[in-house]
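So for the sequence shown, the numbering used here puts the first residue at 16; every next one is plus one. Here the structure is laid out as structure tokens; the discussion comes afterwards.
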Amino acid sequence: MTKTPFSRAADGALVTVRLTPKSSANAIRGIAAAGDGSTHLKANVTAVPEDGKANAALLKLLAKTWKLPKTSLTIASGATARRKVVHIAGDPAVLYGMLREWKRTIE
16 MTKTPFSRAA DGALVTVRLT PKSSANAIRG IAAAGDGSTH LKANVTAVPE
66 DGKANAALLK LLAKTWKLPK TSLTIASGAT ARRKVVHIAG DPAVLYGMLR
116 EWKRTIE
């Protein structure tokens with residue numbers, strides 16, 4: 016089984032993301048492996064990394080991509096780093112299943 020950047024949490028799901036701000040377009044560029052063997056989503060946003068603008072753009076992009084309410088997504092860790100963990104609130108089994116199904120569409 017291929018590693019995924021998704022994991023279950025007690026109250027939802029967690030997604031590891033590597034964010035590139037100040038890009039030419041808002042987009043998810045796929046899934047990549049890090050040097051430590053972990054995986055992450057590669058995401059680009061046009062927003063600048065100041066005053067939380069890039070983080071807000073990331074959450075908006077993910078919510079739109081997965082058709083989830085923006086209020087269900089929060090930055091769990093890495094607010095000032097390029098590598099972030101995004102928490103999605105909801106039923107863990109439903110969210111994890113939805114994320115795994117979405118992953119198949121981008122592979």
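Heads up, the beta-carbon is just placed ideally off N, CA and C, and yes, glycines get one too.
Test item: CB-CB of residue i and residue j under 9 Å
{"i": "A47", "j": "N70", "result": "no"}
{"i": "G45", "j": "I121", "result": "yes"}
{"i": "H102", "j": "T89", "result": "yes"}
Inter-residue spacing [alpha-carbon to alpha-carbon] between residue i and residue j
{"i": "L74", "j": "S92", "result": "13 Å"}
{"i": "T54", "j": "L77", "result": "17 Å"}
{"i": "E113", "j": "T80", "result": "Here residue 113 turns out to be Met, not Glu, going by the sequence shown. Their Cα atoms are separated by approximately 12 Å."}
Local conformation of residue i per DSSP, three classes
{"i": "T95", "result": "coil"}
{"i": "G112", "result": "helix"}
{"i": "S22", "result": "strand"}
{"i": "L88", "result": "strand"}
Environment of residue i [buried if 16+ CB atoms lie within 10 Å]
{"i": "M16", "result": "Below a pLDDT of 50, predicted positions are generally treated as unreliable, and M16, at 40, falls in that range; the measurement from the model is reported next regardless. Its Cβ having fewer than 16 others within 10 Å, M16 is exposed."}
{"i": "T31", "result": "buried"}
{"i": "R33", "result": "buried"}
Start-to-end residues for the beta strand (DSSP E) that takes in residue i
{"i": "T35", "result": "G27 to T35"}
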